[in-house]
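> Take a look at this one; I'll ask things after.
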Amino acid sequence: MSYVSEKSGKDGKPSYSKGLEGVIIGESKKCFIDGERGYLAYVGIPIEQLAENSTYEEVCFLLLHDRLPTERELRDFKKLLYSYREVPSEVYSIIRSSARYGVHPMAILRLAVDYLSIFDEEAEINTDNLNYIKALRLISKLHTITASIGRVIKGLEPVHPLEDVSMSANWLWMYKGQKPSEEEERIFDIILILHAEHEINASTFSARVVVSSFTDIYSAVVAAIGSLKGPLHGGANEDVMNMLSEIKDPSNVEQYVRSKLSRKEKIPGFGHRVYKNYDPRAAILKSIAEKLAEKNSRVKHWLEIGKRIEKFMIENMGQKGIYPNVDFFSGIVMSYLGIEPRMFTPIFATGRIVGWLAHILEQLKDNRIFRPRIIYTGPEEINYVPIDQRS
Ligand SMILES: CC(C)(COP(=O)(O)OP(=O)(O)OC[C@H]1O[C@@H](n2cnc3c(N)ncnc32)[C@H](O)[C@@H]1OP(=O)(O)O)[C@@H](O)C(=O)NCCC(=O)NCCS
Numbered sequence: 045m046s047y048v049s050e051k052s053g054k055d056g057k058p059s060y061s062k063g064l065e066g067v068i069i070g071e072s073k074k075c076f077i078d079g080e081r082g083y084l085a086y087v088g089i090p091i092e093q094l095a096e097n098s099t100y101e102e103v104c105f106l107l108l109h110d111r112l113p114t115e116r117e118l119r120d121f122k123k124l125l126y127s128y129r130e131v132p133s134e135v136y137s138i139i140r141s142s143a144r145y146g147v148h149p150m151a152i153l154r155l156a157v158d159y160l161s162i163f164d165e166e167a168e169i170n171t172d173n174l175n176y177i178k179a180l181r182l183i184s185k186l187h188t189i190t191a192s193i194g195r196v197i198k199g200l201e202p203v204h205p206l207e208d209v210s211m212s213a214n215w216l217w218m219y220k221g222q223k224p225s226e227e228e229e230r231i232f233d234i235i236l237i238l239h240a241e242h243e244i245n246a247s248t249f250s251a252r253v254v255v256s257s258f259t260d261i262y263s264a265v266v267a268a269i270g271s272l273k274g275p276l277h278g279g280a281n282e283d284v285m286n287m288l289s290e291i292k293d294p295s296n297v298e299q300y301v302r303s304k305l306s307r308k309e310k311i312p313g314f315g316h317r318v319y320k321n322y323d324p325r326a327a328i329l330k331s332i333a334e335k336l337a338e339k340n341s342r343v344k345h346w347l348e349i350g351k352r353i354e355k356f357m358i359e360n361m362g363q364k365g366i367y368p369n370v371d372f373f374s375g376i377v378m379s380y381l382g383i384e385p386r387m388f389t390p391i392f393a394t395g396r397i398v399g400w401l402a403h404i405l406e407q408l409k410d411n412r413i414f415r416p417r418i419i420y421t422g423p424e425e426i427n428y429v430p431i432d433q434r435s
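FYI, in the working numbering the residues of the sequence shown are 45 to 435.
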């Protein structure tokens with residue numbers, strides 16, 4: 045008896061790659077990564093150019109439409125996006141009540157987005173036009189939800205969204221209760237741009253798999269949030285900051301990293317399945333942190349520790365292709381904005397929501413349900429033994 049599909053590999057032999065390494069799961073126009081040279085582009089545009097010249101709103105349009113908007117299109121797009129910011133009062137209530145249990149903000153986010161679906165009468169209608177509008181609503185509302193979670197876990201009341209400011213200014217307003225400076229707004233915008241999309245990573249793949257059954261798009265986003273939450277994925281940015289705090293002083297770096305590696309533990313913020321070179325997003329965040337360190341002593345301190353870890357890791361692990369990833373320097377930059385580590389992964393989700401939705405809509409346009417195989421490793425055919433005859 046054959047336990048795998050005849051189609052699954054050459055000569056009838058099963059093709060198998062643990063963690064799906066190197067496996068192609070479909071086609072996409074959203075993102076290109078060349079991991080060998082550390083290159084990343086959204087819809088053909090290099091990430092460095094987007095971080096330098098674009099805005100999060102424009103990147104949202106780019107990812108959803110596979111092209112840059114005209115001035116008028118961008119104006120209309122923003123108007124629509126901004127008009128969807130408010131969430132039902134029940135969503136604020138569930139944030140408050142779940143925060144009382146002291147669970148992680150990502151668990152609250154997962155719950156709140158799931159709950160939000162209850163208030164969308166059109167959640168189950170899967171037409172292209174409606175799904176596009178639902179995607180815009182979800183982008184805007186997820187921003188409100190993550191900022192509100194950030195307030196509530198600090199024991200504060202949510203601050204309602206503004207209608208006439210950028211996505212970044214609005215998020216910082218809702219999180220801090222005061223309007224950000226132009227510099228803060230721009231830094232946060234770059235953080236959102238850098239996290240907006242990243243090909244078929246674990247959370248985006250989860251979203252595509254879930255929606256491939258033609259379920260509602262909320263279910264796919266909830267799955268993506270659950271996946272992002274893990275320490276091997278989006279959870280790493282919080283772990284990096286905790287590691288920097290534990291190390292305390294640059295002189296402790298070498299001993300700390302050596303002993304972690306000797307216990308076969310991973311150093312958060314390093315390594316990547318696709319990049320075998322410097323992650324270009326990490327390079328952008330590092331250069332922002334370097335500029336901020338010139339005027340901010342806390343950033344200077346964290347960066348000193350961070351750079352020592354980086355040097356040690358590249359010297360010792362660089363030959364294995366292990367370099368800093370997006371999560372390594374992002375926390376240092378977010379700390380400058382007064383954001384606490386528990387909120388780093390929800391901010392990753394705040395940027396990535398558009399990437400998830402762009403992939404979900406792309407999947408729905410040319411769908412085939414995901415249904416791979418698994419190599420069966422249990423016993424071969426055996427007879428059922430009645431319970432009174434089992435030893
Ligand atoms: C990102 C990550 C999950 C990729 O996983 P992967 O492609 O399955 O790679 P593996 O875990 O198989 O690692 C390959 C080798 O590099 C080592 N390695 C990978 N990342 C490492 C890290 N951060 N610290 C130390 N060693 C690392 C592994 O121990 C393994 O070594 P081995 O071949 O001697 O066993 C992994 O690098 C990791 O756990 N990094 C830390 C968490 C993180 O920063 N995640 C955010 C990603 S954006």
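Ideal placement from N, C-alpha and C gives every residue a C-beta, glycine not left out.
Suppose you measure from the CA of Ile391 to the CA of Leu236; what does that come to, to the nearest Å?
The residue you call residue 391 lines up with position 347 of the sequence shown. The residue you call residue 236 lines up with position 192 of the sequence shown. Distance between the alpha carbons of Ile391 and Leu236 is about 8 angstroms.
> With a cut-off of 8 angstroms on the beta carbons, I'd call Ser192 and Pro202 a contact; round off their distance for me.
On the sequence shown, residue 192 is found 148 positions in, with the first residue counted as 1. On the sequence shown, residue 202 is found 158 positions in, with the first residue counted as 1. Contact holds; Cβ gap of about 4 angstroms.
> Report the CB separation of Val131 from Thr188 in whole angstroms; it is logged as a contact under 8 angstroms.
For the purposes of this step, residue 131 is taken as residue 87 along the sequence shown, with counting starting at 1. For the purposes of this step, residue 188 is taken as residue 144 along the sequence shown, with counting starting at 1. Val131 to Thr188, Cβ: 5 angstroms. Contact.
> When the Cα of Ser137 is compared with those of Gly82, Ile197, Ile91, which residue comes out closest?
The sequence position of residue 137 within the sequence shown is 93, counting from 1. Ranking the options by Cα distance to Ser137, first place goes to Ile197.
> Which residue or residues does DSSP assign as beta-bridge partners of Ala85?
The residue labelled residue 85 in the question sits at position 41 within the sequence shown. Its beta-bridge partners are Phe76, Pro90.
> Distance, Cα to Cα, Val135 vs Leu153?
Residue numbering aside, residue 135 sits at position 91 when the sequence shown is read from its first letter. Residue numbering aside, residue 153 sits at position 109 when the sequence shown is read from its first letter. Roughly 10 angstroms separates the two Cα atoms.
> If we ignore side chains and look at the alpha-carbon of each, how far apart do Tyr60 and Pro430 end up?
Translated into the one-based positions of the sequence shown, residue 60 becomes position 16. Translated into the one-based positions of the sequence shown, residue 430 becomes position 386. Those two C-alpha atoms are separated by around 36 angstroms.
> Hey, out of Ser263, Ala251, Asn321, Pro312, whose CA is closest to Ile162's CA?
Within the sequence shown, residue 162 is the residue found at index 118, counting from 1. Among Ser263, Ala251, Asn321, Pro312, the Cα nearest to that of Ile162 is on Ser263.
> Output yes or no for whether 8 angstroms exceeds the beta carbon distance between Leu84 and Pro324.
Position 40 of the sequence shown, counting from 1, holds the residue named residue 84. Position 280 of the sequence shown, counting from 1, holds the residue named residue 324. It is a contact, given that the beta carbons lie within the stated cut-off.
> Comparing the CB of Tyr286 with every heavy atom of ligand 1, is any distance shorter than 7 angstroms?
Walking along the sequence shown from the start, residue 286 turns up at place 242. First, the amino acid is wrong: residue 286 is Asn here, not Tyr. Outside the cutoff, so no.
> So does Asn369 have its beta carbon nearer than 7 angstroms to some heavy atom of ligand 1?
Counting from 1 along the sequence shown, the entry for residue 369 is found at position 325. Yes; taking the cut-off as 7 angstroms, the Cβ of Asn369 has a heavy atom of ligand 1 nearer than that.
> Would a C-beta distance cut-off of 8 angstroms place Glu17 and Leu125 closer than the cut-off?
Look at the range of the chain in this structure, 45 to 435, and you will see that residue 17 is not part of it.
> Measuring only from the beta carbon, is Ile366 closer than 7 angstroms to any heavy atom that is part of ligand 1?
Indexing the sequence shown from 1 puts residue 366 at position 322. Yes, since a heavy atom of ligand 1 falls inside the 7 angstroms radius drawn around the Cβ of Ile366.
> Glu309: buried (16+ other C-beta within 10 angstroms of its C-beta) or exposed?
Residue numbering aside, residue 309 sits at position 265 when the sequence shown is read from its first letter. That one is exposed.
> Sorted by chain position, which residues of the same chain lie with C-beta nearer than 6 angstroms to Leu315's C-beta, five sequence neighbours on each side aside?
Residue mapping note: residue 315 aligns to position 271 of the sequence shown, counting from 1. Before going on, a small fix: residue 315 reads as Gly here, not Leu. Hits under 6 angstroms: Ile366.
> Quick check: what's the CA-CA separation for Ile91 versus Ala246?
Here the question's residue 91 lines up with position 47 in the sequence shown. Here the question's residue 246 lines up with position 202 in the sequence shown. If I take the Cα positions, the gap works out to 20 angstroms.
> Could you round the C-beta distance between Met387 and Gly194 to whole angstroms and report it? I think they count as a contact, below 8 angstroms.
Your numbering for residue 387 matches position 343 in the sequence shown. Your numbering for residue 194 matches position 150 in the sequence shown. Indeed, because the Cβ distance is near 5 angstroms, the residues count as touching under 8 angstroms.
> Quick one: measure Cβ to Cβ for Val301 and Phe356, integer angstroms, because I've assumed they're closer than 8 angstroms.
Counting from one through the sequence shown, the residue named residue 301 turns up at place 257. Counting from one through the sequence shown, the residue named residue 356 turns up at place 312. The pair is a contact, with the Cβ atoms about 5 angstroms apart (cut-off 8 angstroms).
> In the DSSP assignment, what are the bridge partners of Pro149?
On the sequence shown, position 105 is the one that residue 149 refers to. None; Pro149 has no bridge partner.
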